[in-house]
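Data block below; observations after.
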Amino acid sequence: MAHYQAVGSIPPKRHTQHRRPDGELYYEELMGEEGFSSDSSLLYHRNIPSTIADSRVWDLPDQSTTPNHPLVPRHLKLHDLFDAATISETDVVTGRRLVLGNGDVRISYAVSARPSPWYRNGIGDECIYVERGRARVETVFGSFEVAEGDYVLIPRATTHRWIPEVSDDDPLRAYCIEANSHITPPKRYLSKYGQLLEHAPYCERDLRQPAGPLLAEDIGASPDEQTEVYIKHRGNGPGGVVGTVHTLPFHPLDVVGWDGCLYPYVFNVRDFEPITGRIHQPPPVHQVFEGWNFVICNFVPRKVDYHPLAIPVPYYHSNVDSDEIMFYVDGDYEARKGSGIGKGSISVHPGGHAHGPQPGATEGSIGAERFDELAVMVDTFRPLELGEAGLAVDDGLYALSWSRGANRTGTQADPAGTRHSEG
């Protein structure tokens, strides 16, 4: 995100001496994308950032995947993955359960009540959508207070941790999108120099930068505190992903200042301005971010099609080149008789299979003036496979939900039950 920031103590000129009050040098680290050819930031550390005191293997949660074969659409019920007992022992980093994945992106889910260890993803950027709950996210760039509806964008190799606000009624629910690449705003919304353009559905004012600098003593820790950092990186494990734990002889919050265009940021879905039209708009108008071989879209409450003959629900469509993964966050989905979709559901509509409204929904949507819905969609351009969590909560019935005229109980499908945009 080419949006320059300068935080804390930095020298007037890059790659020049920057000294502590006692005369010792700070250690400059260039954190950059694509070698030295894309966005970067310079961080000034109290300690040599390469230093480790020990290392060990981190046995990751199950990262194996199973092909969607035979090819069928699926309904995955994420809210069935964690119960009260497991939530109390789960953190957002080590407790993620893999729902879907391929060589470009992995989608996991975690419901958490305990702080995570310090962590960095050495494979790609992460986009974490906060479905429910609140948390503090501490990073070497600074900290964020995050809550429901926030997208937290964390660049590759950023050391950070999650500290949930403990709540029995509203635990932290995190929908985790891990790329094998960088995640950026859509290129069509950016100028050639990286500024968000006038037709984009959000702008730089909507992005929250980290509050910093953040040092160990600011959170009540000792700068010399030995600390473990969990690292996810490439290797010969399932999905090409393995884990290592580095022990540092100091606390990772040792960055006294930084500047540049590469850093974590937060964007809230409520700040997305929906693009509408007289007739049904295709999914790309809902796009919010993109990575290599996938896009992220969000469907928000909005006015719908206003042509006098408009049909607000989508036409049936075949995903010729992509799998479509819709995570239903809020709205009227629980009334979708014949589909079973509700809050916390994922629908998997694989490439090669046509999908669209449930029986009766097309006629039933005529005359609707707005949709009150909230959903996050990931479209991938290579097939997704099911992770252990996806297999565990597949309802096994969704593929039959379009059988004309009847739902699972054999009664007439509710024509008003699919007041949603895509699916």
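Under UniProt numbering, the letters of the sequence shown match residues 1 to 423, in that order.
The beta carbon of each residue, even a glycine, is placed where N, CA and C say it ideally should be.
Buried or exposed for Leu254, going by 16 or more other Cβ atoms inside 10 Å?
Position 254 of the sequence shown holds residue 254. The amino acid at residue 254 is misidentified as Leu; the sequence shows Asp. The residue is buried, with at least 16 neighbouring Cβ atoms inside 10 Å.
Burial state of Glu290 (16 or more Cβ within 10 Å)
The residue given as residue 290 occupies position 290 in the sequence shown. The residue in question, Glu290, is buried, as its Cβ has 16 or more Cβ neighbours within 10 Å.
What does a CB cutoff of less than 7 Å around Gly390 pick up in its chain, not counting 5 residues either side in sequence?
Taking the first residue of the sequence shown as 1, we reach residue 390 at position 390. Counting only Cβ-Cβ distances below 7 Å, and skipping sequence neighbours, we find Leu76, Val99 and Leu100.
If you check the beta carbons only, do Val166 and Gly8 fall under 8 Å apart?
Looking up residue 166 in the sequence shown gives position 166. Looking up residue 8 in the sequence shown gives position 8. No.
Environment of Phe36 [buried if 16+ CB atoms lie within 10 Å]
On the sequence shown, position 36 is the one that residue 36 refers to. Per the 10 Å Cβ criterion, exposed.
From Met377 to Arg302, what does the alpha carbon distance come to, in whole angstroms?
By 1-based counting over the sequence shown, the position of residue 377 is 377. By 1-based counting over the sequence shown, the position of residue 302 is 302. Straight-line Cα distance between these residues: approximately 16 Å.
What separation, rounded to the nearest whole angstrom, lies between the Cα atoms of Pro171 and Gly23?
By one-based count along the sequence shown, residue 171 stands at place 171. By one-based count along the sequence shown, residue 23 stands at place 23. About 47 Å.
Which residue wins for smallest C-alpha separation from Val137, given the options Gly243, Leu153 and Gly367?
The residue labelled residue 137 in the question sits at position 137 within the sequence shown. With distances taken between Cα atoms, Val137 lies closest to Leu153.
What are the partner residues of Asp231, as DSSP defines its beta bridges?
By 1-based counting over the sequence shown, the position of residue 231 is 231. Checking the sequence, you will find Ile at residue 231 rather than Asp. Per DSSP, Arg120 and Thr244.
Between Asn180 and the rest of its own chain, which residues show a CB-CB distance below 6 Å, the 5 nearest in sequence each way excluded?
The sequence position of residue 180 within the sequence shown is 180, counting from 1. So the qualifying residues of the chain are Asp104, Ile123 and Gly124.
On the premise that Ile87 lies in contact with Val111, defined as a C-beta separation below 8 Å, what is that separation, rounded to the nearest angstrom?
Residue numbering aside, residue 111 sits at position 111 when the sequence shown is read from its first letter. Residue numbering aside, residue 87 sits at position 87 when the sequence shown is read from its first letter. Val111 to Ile87, Cβ: 5 Å. Contact.
Excluding the 5 residues flanking Phe294 on each side, which residues of the same chain have their C-beta closer than 7 Å to its C-beta?
The residue given as residue 294 occupies position 294 in the sequence shown. If we look at Phe294 and ignore the five residues flanking it on each side, its Cβ neighbours are Asp104, Val105, Val378, Asp379, Thr380 and Phe381.
Test item: CB-CB of Ile231 and Cys176 under 8 Å
Within the sequence shown, the letter at position 231 stands for residue 231. Within the sequence shown, the letter at position 176 stands for residue 176. Cβ distance not < 8 Å, so Ile231 and Cys176 don't count as in contact.
Contact check, Pro264 vs Pro210, beta carbons under 8 Å:
Stepping through the sequence shown from its first residue, residue 264 is reached at position 264. Stepping through the sequence shown from its first residue, residue 210 is reached at position 210. Contact: yes.
Our contact map puts Glu373 next to Gly331 with C-beta atoms below 8 Å; I'd like the distance itself, whole angstroms only.
One-based indexing of the sequence shown puts residue 373 at position 373. One-based indexing of the sequence shown puts residue 331 at position 331. With 8 Å as the limit, Glu373 and Gly331 qualify as a contact, their Cβ atoms being about 3 Å apart.
Can you give me the C-alpha to C-alpha distance between Arg46 and Ala221, rounded to a whole angstrom?
Position 46 of the sequence shown, counted from the first residue, corresponds to residue 46. Position 221 of the sequence shown, counted from the first residue, corresponds to residue 221. Going from the Cα of Arg46 to the Cα of Ala221 covers about 15 Å.
Boundaries (first-last residue) of the beta strand (DSSP E) holding Ser41:
Position 41 of the sequence shown, counted from the start, is the residue given in the question as residue 41. It spans Ser40 to His45 - the beta strand (DSSP E) in which Ser41 sits, taken as one unbroken run.
Distance CB(His251)-CB(Thr276) smaller than 8 Å:
Translated into positions along the sequence shown, residue 251 becomes position 251. Translated into positions along the sequence shown, residue 276 becomes position 276. Pairing His251 with Thr276 gives a Cβ-Cβ distance that is not under 8 Å.
Measuring only the C-alpha atoms, how far is Gly387 from Leu60?
The count along the sequence shown starts at 1 and reaches residue 387 at position 387. The count along the sequence shown starts at 1 and reaches residue 60 at position 60. The alpha-carbon atoms of Gly387 and Leu60 are separated by roughly 13 Å.
Residue 446 bridges to which residues according to DSSP?
Not covered by the structure: residue 446. The range shown for the chain is 1 to 423.
Length of the line joining the Cα atoms of Thr51 and Pro249
Counting from 1 along the sequence shown, the entry for residue 51 is found at position 51. Counting from 1 along the sequence shown, the entry for residue 249 is found at position 249. Going by the C-alpha atoms only, they are around 8 Å apart.
Are Trp292 and Pro359 touching if we call contact CB-CB under 8 Å?
Here residue 292 corresponds to residue number 292 of the sequence shown, with the count starting at 1. Here residue 359 corresponds to residue number 359 of the sequence shown, with the count starting at 1. No; because the gap between Cβ atoms is not below 8 Å, this pair is not in contact.
Leaving out the 5 sequence neighbours to the left and right, which residues in its chain are closer than 8 Å to Ser55 when beta-carbon positions are compared?
For the purposes of this step, residue 55 is taken as residue 55 along the sequence shown, with counting starting at 1. Closer than 8 Å at Cβ, skipping near neighbours: Thr244, Val245, His246 and Thr247.
For a quick check, are the C-beta atoms of Val146 and Arg132 less than 8 Å apart?
Counting from one through the sequence shown, the residue named residue 146 turns up at place 146. Counting from one through the sequence shown, the residue named residue 132 turns up at place 132. No, the pair does not count as a contact, with Cβ atoms beyond the cut-off.
Can you tell which of Gly367, Met326, Ser318 and Ala84 has its C-alpha closest to the C-alpha of Ala375?
Indexing the sequence shown from 1 puts residue 375 at position 375. Residue Met326 is the option with its Cα nearest to Ala375.
How far does the beta strand (DSSP E) with Ser55 in it extend, from its first residue to its last?
Position 55 of the sequence shown, counting from 1, holds the residue named residue 55. Annotation for Ser55: the continuous beta strand (DSSP E) segment containing it runs Asp54 to Trp58.
According to DSSP, simplified to helix, strand and coil, what is Glu334?
Within the sequence shown, residue 334 is the residue found at index 334, counting from 1. Since pLDDT at Glu334 reaches only 37, below the 50 mark, its modelled position is unreliable, and the value read off the structure follows with that caveat. Here Glu334 sits in helix by DSSP.
In chain order, what residues of the same chain have a beta carbon less than 7 Å from the beta carbon of His233, not counting five sequence neighbours either side?
As a working mapping, residue 233 is identified with position 233 in the sequence shown. Contacts found: Gly122, Ile123, Val242 and Thr244.
Between the Cα of Val329 and those of Val269, Gln5 and Arg74, spot the shortest distance and give me the residue it belongs to.
For the purposes of this step, residue 329 is identified with residue 329 of the sequence shown, where counting begins at 1. Looking at the Cα atoms, Val269 is the closest of the given residues.
Segment limits, alpha helix (DSSP H) that includes Gly142:
Along the sequence shown, read from residue 1 onward, the residue named residue 142 stands at position 142. That residue, Gly142, is in no alpha helix (DSSP H); its beta strand (DSSP E) goes Gly142 to Ala147.
Residues of its chain near Ala399, where Cβ-Cβ distance is below 6 Å and the 5 sequence neighbours each way are ignored:
Walking along the sequence shown from the start, residue 399 turns up at place 399. Val72 and Pro73.
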